[in-house]
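Okay, so the sequence shown: first residue is 1038 according to the working numbering, each after it adds one.
C-beta atoms are modelled at their ideal positions from N, C-alpha and C, and glycine is treated no differently.
Remember, predicted model here, so these are calculated numbers, not experimental data.
Worksheet: one structure, shown below.
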Amino acid sequence: MLGKLKSLGTLFVTFGAALGLGLMPVSAACAVQKSKVGSTSVSRAEQVPVAAKKKPGVSSAARSAGGKSKAEVGKAPVIREVPVANARRHGNRSPDVKSGAAIVVEQLGGGALFQKNASAVVPIASITKLMTAMVVLDSLPDLSANISVTDDDVDYLRGSRSRLQVGATMTREAALLLALMSSENRAAHALARHYPGGLHAFLAAMNAKARSLGMRDTHFEDPTGLTSDNVSTAHDLAKMATAAYRYPIIREFSTMPEASVEVTGQFLEFHNTNPLVKNAGWDVGLSKTGYIQEAGKCLVMQARVADRPVVIVLLDAAGKLTRVGDANRIKRWMEATYASLNVRGQQVSFKSLGANPG
1038 MLGKLKSLGT
1048 LFVTFGAALG
1058 LGLMPVSAAC
1068 AVQKSKVGST
1078 SVSRAEQVPV
1088 AAKKKPGVSS
1098 AARSAGGKSK
1108 AEVGKAPVIR
1118 EVPVANARRH
1128 GNRSPDVKSG
1138 AAIVVEQLGG
1148 GALFQKNASA
1158 VVPIASITKL
1168 MTAMVVLDSL
1178 PDLSANISVT
1188 DDDVDYLRGS
1198 RSRLQVGATM
1208 TREAALLLAL
1218 MSSENRAAHA
1228 LARHYPGGLH
1238 AFLAAMNAKA
1248 RSLGMRDTHF
1258 EDPTGLTSDN
1268 VSTAHDLAKM
1278 ATAAYRYPII
1288 REFSTMPEAS
1298 VEVTGQFLEF
1308 HNTNPLVKNA
1318 GWDVGLSKTG
1328 YIQEAGKCLV
1338 MQARVADRPV
1348 VIVLLDAAGK
1358 LTRVGDANRI
1368 KRWMEATYAS
1378 LNVRGQQVSF
1388 KSLGANPG
């Protein structure tokens, strides 16, 4: 008899908990730091503690302007799946993205939240420089060593302007900053030219890195993106951005709003080509813009949107403000969808929101 009473008691407690009667303590949802997702396995180059050491050629004032503490999240939060039908019932609609090709990928789950022509192979312009930075860092270079700009680094293909005169010298670290933050073509080309084995070896390393990341529809012909022969897809570039995010120095340099950089003994002011890095409404963890006529306006970002880290790739945008407008439309769409599907503080997965297959 006593055994039966115990069984009934257990059943009553369990049933009560299922009805939300408070008979059992329920743990709160996992708290997630406002931070960026990192990799648990990185190369030696990826572990460079940039923020902890003095940057040769970069002023301390400039570093403080762009310095944000970026903690790494060790594990994925608890995710609640929501059926597609339920998401649509709550008014979920795809964002009105104007760019010719686009993808939004949730870093924690890896799934695409939105796609538009994500498999189209197109020129990628200066988005190239994310791969350039990774290949430079993979060679474990002396970042404090000086490199110089020569006539070989001048853009005779498109005649793009540069504030780095032929004969200018700077540290390798300063050149990396300018390539990532201000999309400086001569700085990027000089970095590749000073690579062990020279420019030819550097290009081979870029394409080998792309293959290792599973970027099957990507090819590089130069380290700057000035040639339209540098091609990829939005899908491949999401992989590249995710890989680049594992390098602390790329995260830091690509998101600095501005910097005072020493070039040939003089400090010059440079600014970020992505206005969203200094927008208080955005939490950008990695950024790169690009433009040539054949590629249109391009933007690749890692950012925290609706309290989750995502990678946003926007390619072939027409008009000066379209790529920024698209990013803001994606942000509003995610925030609105998350708010409508958030149930009792539980986090909602966007994987089942019925994203446009592209």
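Under 8 Å between C-beta atoms of residue i and residue j
{"i": "residue 1208", "j": "residue 1182", "result": "yes"}
{"i": "residue 1268", "j": "residue 1349", "result": "no"}
{"i": "residue 1262", "j": "residue 1135", "result": "no"}
{"i": "residue 1203", "j": "residue 1188", "result": "yes"}
{"i": "residue 1186", "j": "residue 1157", "result": "no"}
{"i": "residue 1366", "j": "residue 1133", "result": "yes"}
{"i": "residue 1284", "j": "residue 1322", "result": "no"}
{"i": "residue 1247", "j": "residue 1168", "result": "yes"}
{"i": "residue 1320", "j": "residue 1139", "result": "no"}
{"i": "residue 1137", "j": "residue 1352", "result": "yes"}
{"i": "residue 1286", "j": "residue 1231", "result": "no"}
{"i": "residue 1210", "j": "residue 1180", "result": "yes"}
{"i": "residue 1252", "j": "residue 1273", "result": "yes"}
Burial state of residue i (16 or more Cβ within 10 Å)
{"i": "residue 1376", "result": "exposed"}
{"i": "residue 1144", "result": "buried"}
{"i": "residue 1152", "result": "buried"}
{"i": "residue 1332", "result": "buried"}
{"i": "residue 1027", "result": "Residue 1027 falls outside the range modelled here, since the chain spans only 1038 to 1395, and no answer is possible."}
{"i": "residue 1190", "result": "buried"}
{"i": "residue 1193", "result": "exposed"}
{"i": "residue 1130", "result": "exposed"}
{"i": "residue 1163", "result": "buried"}
{"i": "residue 1115", "result": "The pLDDT assigned to residue 1115 is 30, lower than 50, so where the model puts this residue is not dependable; a value taken from the coordinates is nonetheless given after this. Residue 1115 is exposed by the Cβ-count criterion."}
{"i": "residue 1343", "result": "buried"}
{"i": "residue 1249", "result": "exposed"}
Alpha-carbon to alpha-carbon, residue j and residue i
{"i": "residue 1150", "j": "residue 1374", "result": "11 Å"}
{"i": "residue 1297", "j": "residue 1305", "result": "5 Å"}
{"i": "residue 1368", "j": "residue 1214", "result": "27 Å"}
{"i": "residue 1293", "j": "residue 1314", "result": "7 Å"}
{"i": "residue 1219", "j": "residue 1275", "result": "21 Å"}
{"i": "residue 1385", "j": "residue 1302", "result": "For residue 1385, the predicted structure reports a pLDDT of 49, less than 50, and the residue's modelled location is therefore unreliable. A value from the coordinates is still provided. The straight-line gap from Cα to Cα measures roughly 52 Å."}
{"i": "residue 1148", "j": "residue 1142", "result": "6 Å"}
{"i": "residue 1224", "j": "residue 1154", "result": "32 Å"}
{"i": "residue 1245", "j": "residue 1264", "result": "19 Å"}
{"i": "residue 1356", "j": "residue 1299", "result": "33 Å"}
{"i": "residue 1329", "j": "residue 1354", "result": "11 Å"}
{"i": "residue 1326", "j": "residue 1358", "result": "12 Å"}
{"i": "residue 1260", "j": "residue 1318", "result": "32 Å"}
{"i": "residue 1159", "j": "residue 1256", "result": "10 Å"}
{"i": "residue 1396", "j": "residue 1346", "result": "With the chain covering 1038 to 1395 only, the question about residue 1396 has no answer from this structure."}
{"i": "residue 1307", "j": "residue 1291", "result": "12 Å"}
{"i": "residue 1316", "j": "residue 1266", "result": "33 Å"}
Residue of the options minimising C-alpha distance to residue i
{"i": "residue 1229", "options": "1314, 1219, 1340 and 1212", "result": "1212"}
{"i": "residue 1309", "options": "1355, 1193 and 1216", "result": "1216"}
{"i": "residue 983", "options": "1321, 1341, 1245 and 1356", "result": "No information on residue 983 is available, as it lies outside the stretch 1038 to 1395 that the chain covers here."}
{"i": "residue 1435", "options": "1260, 1277, 1264 and 1232", "result": "There is simply no residue 1435 to check, as the chain begins at 1038 and stops at 1395 in what is shown."}
{"i": "residue 1288", "options": "1163, 1171, 1155 and 1159", "result": "1171"}
{"i": "residue 1336", "options": "1317, 1295, 1270 and 1266", "result": "1270"}
{"i": "residue 1175", "options": "1258, 1259, 1221 and 1280", "result": "1280"}
{"i": "residue 1240", "options": "1311, 1249 and 1258", "result": "1258"}
{"i": "residue 1334", "options": "1311, 1290 and 1347", "result": "1311"}
### Query
Per the contact definition of three or more C-beta pairs closer than 8 Å, is the stretch 1235-1249 in contact with the stretch 1192-1203?
no
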